[in-house]
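Following our numbering, the numbering of the sequence shown begins with 17 at its first residue and continues without gaps. Built from N, CA and C at the ideal position, the CB exists for glycine as well. These numbers were taken from a predicted model, which means no experiment stands behind them.
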Amino acid sequence: MEDWEQAVVDRTEAVLPILQDNWKEKIVDTVKALQGNDLMTNPRVLVITGETGSGKTTQIPQFLLSCGLTSSTGSRTIVCTQPRRVAAMSVAEQVARERNVELGSEVGYKVRFDNKTTRDTLIKYCTDGILLRELMTDPMLDRYACVILDEVHERTLATDILMGVLKDLLRRRSDLTVVLMSATLNVDNFTSFFNAAALHIPGRVFPVEVKHDPEDAAALAEQGYLDVAVERVKKIMEDPETPLGDILVFLPGADDINSAVDTLGAWISEKAEDPEYERSSIAQSTTLPLYGALPLHEQHKVFLPPAPGGRKIIFATNVAETSITIPGIVFVVDPGLAKAMVFDAGRGTKTLSVIPVSKASSTQRKGRAGRTAAGVVYRLYSEASYNAQREETPPQFTTSNLTNVLLQMISLELNPETFAFLSAPPKETLAHGMKSLKELCAIEPETTPRGRVWRLTKIGKTMSALPIAPELSAVLIEAGRLGVTTHMLSLVAMLEIPNIFARRRHGGGPFVDKLSDHFTFINLYNEYAGVMARNPDNPVPLKAFCQLAGINDRAMASVVRLRVHLAEICADCGLDDVSSIPVGDAKVPVMKALLHGFYRNVCVWPKSSGGGFRVVAMMPTAEEKSMLTGWKIHPSSVVHSRELMRTGNGQPWFLFHEQLVSSHRYLICVSKINPKILIEAMPQIFDPDNPMVAAVSDKAMMQVMRIVKKTLITDKGQKRPRVD
17 MEDWEQAVVD RTEAVLPILQ DNWKEKIVDT VKALQGNDLM TNPRVLVITG
67 ETGSGKTTQI PQFLLSCGLT SSTGSRTIVC TQPRRVAAMS VAEQVARERN
117 VELGSEVGYK VRFDNKTTRD TLIKYCTDGI LLRELMTDPM LDRYACVILD
167 EVHERTLATD ILMGVLKDLL RRRSDLTVVL MSATLNVDNF TSFFNAAALH
217 IPGRVFPVEV KHDPEDAAAL AEQGYLDVAV ERVKKIMEDP ETPLGDILVF
267 LPGADDINSA VDTLGAWISE KAEDPEYERS SIAQSTTLPL YGALPLHEQH
317 KVFLPPAPGG RKIIFATNVA ETSITIPGIV FVVDPGLAKA MVFDAGRGTK
367 TLSVIPVSKA SSTQRKGRAG RTAAGVVYRL YSEASYNAQR EETPPQFTTS
417 NLTNVLLQMI SLELNPETFA FLSAPPKETL AHGMKSLKEL CAIEPETTPR
467 GRVWRLTKIG KTMSALPIAP ELSAVLIEAG RLGVTTHMLS LVAMLEIPNI
517 FARRRHGGGP FVDKLSDHFT FINLYNEYAG VMARNPDNPV PLKAFCQLAG
567 INDRAMASVV RLRVHLAEIC ADCGLDDVSS IPVGDAKVPV MKALLHGFYR
617 NVCVWPKSSG GGFRVVAMMP TAEEKSMLTG WKIHPSSVVH SRELMRTGNG
667 QPWFLFHEQL VSSHRYLICV SKINPKILIE AMPQIFDPDN PMVAAVSDKA
717 MMQVMRIVKK TLITDKGQKR PRVD
């Protein structure tokens, strides 16, 4: 047993399944045998399946390094991708500890804004999105001897594209080895796609009992999953027959998790003050949250041992399904639910719902127990409900807006219309993404002897260099022309980073613009940057500001890093970052620039409407017409007063960032906009004399636009017509 293998045993207090039964030799021998394969008939691809916690992610890169895979090729590095940054970082840290090396030397990671690798790095963990962007500068992936795609069963956008790219690269690189790793057994689609060899590593060391409690299932329907999950945890903790062991509870989102942590934490504190329980395991127990937006030092707490005689109760999103293995879990509480964001190409909207998980996810959750002792999974739903679950979680290509990923593909000279997808995206979603890129002037067709291909325009090349949504890239480009790049960089960075606000609704403050979420973001960034500049070596005032403003300090740190990164790219692309326009005078040019990316995101509050906002649509389809009305401003907005909406002459017009369908139809990030700006900035869209504009469904709104246009051409001294 090598030193790092002994370190694994010391860490887990048990030998991982992958370190048993000569699996190291079997994997190494299979990879070596594949290296002699014919490129066309039997490419060098190995698919390895094994339950989460079997040791695939930490051990297989070390196996391949120790067998001399890198020294036998001109490339030195083994790269292993992860769908989530938290997994890439935590796994790299663990492997570095096992090998007794400094993180960033022999073993490192690279995620967005954080690169812990050097020229000497031999094992590199990164997100799948990072490796996809590296293809732009290294299209043959020459620096890598082996590419390992981990968690391929999750079918993320980046992983699916990487599989298609690697299938082509294997024909052109005789020294490249590819390993796919999955936590599910159903990998026929992967093996047939690559004509690959396959190995399965047994996972669970101890048995796990599955319990479907009819009372839980009935309560779930009446009380809601949060209360039922917390009550099930209490029952486990109060049962004297229950062995001591940590509890993992799956919940759909961060709000649910924080609420559960507070509720159960208060119950534990109350019990600890009761003389009957003060020396019990309940009093010594602690509750912990786990989700992607949590600060890294908070996430690391789940790996620490509990207090003597106590247990950890961890409330987690599906990040704990496959990305992270937590030692000591004996009990799993599974409501069988997850949050899912689904893009509707026909309507151009996103729907956020809490939906039942797939059978594959249920199996993954069950597998979290039984690592160090016999375990139990409490499924808070009936066995019939389990049998009704779909087999697999749908690939992201079937549920996501593809505009950004299509831009990346075309920048890599991949034709989305002929690309070898593992499973083709829906035609409607593909068409929506291509249409959006054409409207943004990012791509244009080119006729070649092999047929039509798509190329990036000059604008498209600039967009592809910016690691943000194409719509936001278009906004930055126009902001450079209008001289407000500085303000727009702040806004774009704030829009791109999720979970800025720690509280659902942000209240007052000197940075709030009650008519504009967009300018609230700009003002907030300026306030934050001012505190940071005045206290360069003291983080305390910055944290105090974040707490007072109700914002997530970790998210704001990401905003700062992204803004710096975007500013560097803008400078390289010739987009001026020097703006002399004060923020108070920048509203018109900023709103004009925003329209260049979000011209479809205009809505109006008709005076006669009792059903909410109406979205302005150009030549809407039947599906789009059904989604034009009934929209509300999201509760997170500062623009929430009906009186503010109705100020001024005529109907108030608004620009919004995105639409979200959940319990209601919501508009996210909203700003009031003068309709004159619509005509001045985008006459091809909003000029009522344009034949295309005449096709807008709501003729009354076009009548308003005609009156607005008259005010633009009326002589300065002449009385302007009333807009009503």
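| query | result |
| --- | --- |
| Simplified DSSP assignment, three categories, for I217 | strand |
| C-beta atoms of A332 and A270 nearer than 8 Å | no |
| Within 8 Å, strictly: CB atoms of A299 and K287 | yes |
| Rounded straight-line distance, which links the Cα of T303 to that of P745 | Outside the displayed range of the chain (17 to 740) lies residue 745, so it cannot be described from this structure. |
| M203 to V168 span [Cα, whole Å] | The question names Met, but residue 203 in the sequence shown is Val. Straight-line Cα distance between these residues: approximately 9 Å. |
| Cβ-Cβ distance between L242 and A276 below 8 Å | yes |
| Own chain partners of V6 with C-beta closer than 6 Å, once the 5 adjacent residues on each side are dropped | An answer regarding residue 6 cannot be provided, because it is not within the stretch 17 to 740 covered by the chain. |
| Nearest neighbour of F347, chosen from D255, A376, D176 [CA to CA] | D255 |
| Cβ contact (3+ pairs, closer than 8 Å) linking the segment 524–538 and the segment 676–689 | yes |
| G476 beta carbon less than 8 Å from that of A495 | no |
| The segment 564–572 contacting the segment 509–518, beta-carbon criterion three pairs below 8 Å | yes |
| Start-to-end residues for the alpha helix (DSSP H) that takes in P691 | 691–697 |
| Identified DSSP bridge partners for S532 | S687 |
| Beta-bridge partners of M357, as assigned by DSSP | L368 |
| Residues bridged to Y160 [DSSP beta-bridge criterion] | T93 |
| Supposed contact pair K608 and A697 - C-beta distance, whole angstroms, cut 8 Å | 4 Å |
| Same chain, Cβ closer than 6 Å to N417, five either side skipped, listed in chain order | F359 |
| Alpha-carbon to alpha-carbon, R159 and V117 | 21 Å |
| G344 classed as buried or exposed, judged by whether at least 16 other C-beta atoms fall within 10 angstroms | buried |
| Chain-order list of residues whose beta-carbon lies under 8 Å from that of T46 (same chain, five-residue window excluded) | L62, A213, L215 |
| Proximal residues to I484 (C-beta, below 6 Å), its chain only, five neighbours per side dropped | E512 |
| For A376 and T200, the rounded distance between their alpha carbons | 7 Å |
| Classification of S82 by the beta-carbon crowding that lies within 10 angstroms, buried from 16 upward | exposed |
| Completely contained beta strand (DSSP E) runs for the segment 378–450, where each covers 3 or more residues | 391–395 |
| Spatial distance of S713 from S374 (CA atoms) | Because the pLDDT at S713 is just 44, under 50, the model does not fix this residue reliably, and the value given afterwards should be weighed accordingly. Those two C-alpha atoms are separated by around 41 Å. |
| V705, buried or exposed, once every other Cβ within 10 Å from all chains shown has been counted against 16 | One point to set straight first is that residue 705 is Asp, not Val, in the sequence displayed. With fewer than 16 other Cβ atoms within 10 Å, it is exposed. |
| Any 3 or more C-beta pairs closer than 8 Å across the segment 102–112 and the segment 68–86 | yes |
| Contact between the segment 441–448 and the segment 376–396 (3+ Cβ pairs under 8 Å) | no |
| Through-space distance from D176 to M425, alpha-carbon basis | 12 Å |
| Start-end ranges of the beta strand (DSSP E) lying completely within the segment 108–163, minimum 3 residues | 123–127, 130–132, 139–143 |
| Reduced DSSP category for H313 - H, G, I as helix; E, B as strand; rest coil | helix |
| For G325 and E114, the rounded distance between their alpha carbons | 28 Å |
| Alpha helix (DSSP H) runs contained entirely in the segment 541–621, provided each spans 4 or more residues | 555–565, 569–588, 603–614 |
| Status (buried if at least 16 other CB within 10 Å, exposed otherwise) for E487 | buried |
| Neighbourhood of A104 by C-beta distance below 7 Å, restricted to the same chain and skipping five residues each side | Q98, Y125, V127, Y141, C142, T143 |
| Integer Cβ distance of E543 from P526, believed to fall under 8 Å | 7 Å |
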